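Engineer: Heads up: the sequence shown is residues -17 to -1, 1 to 87, going by mature numbering (1 follows the signal peptide of the UniProt record, and there is no 0).
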Amino acid sequence: MVIILAALLCALICALSLNSIARCALRCGRRLAFETPEQAASRLASTGLKRDTLSEIPVVVYKTSGLDSLATDCPICLGEFSEGETLLPEHPGSSNSNAGVVGV
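1. Would L15 and Y45 qualify as a contact pair, given that the criterion is a beta-carbon distance under 8 Å?
2. Classify C11 as buried or exposed, calling it buried when 16 or more other Cβ atoms lie within 10 Å of its own Cβ.
3. Going by beta-carbon coordinates alone, are residue 88 and T55 separated by less than 8 Å?
4. What does DSSP give as the partner residue(s) for E63 in the beta ladder?
This is the structure we're talking about:
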């Protein structure tokens, strides 16, 4: 009896998973089939942060004199900072990042 209930539960989980996958594939396929390149470009352009929100993110300029921290390289792109480069400020528990790498 327990084996039959376990098999039915597995079958139910598999059926729900297949249903979700099929719905997702149909939804995405329909959008891609009937979407023009202009619509795709406008959909992609409307994602992410707006320019006015990006301008509100604080940035600092890197200078070699008077270093507050020992970090001299970006943890994202692994490049070294250069004099006058724009950086995102350090948050507690993290390190400075290049603003250009993050997209600010």
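Here a beta-carbon is modelled for each residue, glycine too, at the ideal position from N, C-alpha and C. Note that this is a predicted model, so its numbers are computed, not measured.
Structural biologist: Judging by the given coordinates:
1. No. Outside cutoff.
2. By the neighbour-count rule (16 or more Cβ atoms within 10 Å), C11 is not buried but exposed.
3. In the structure displayed, the chain extends from -17 to 87; residue 88 sits before or after that span and is not available.
4. According to DSSP, E63 bridges with D56.
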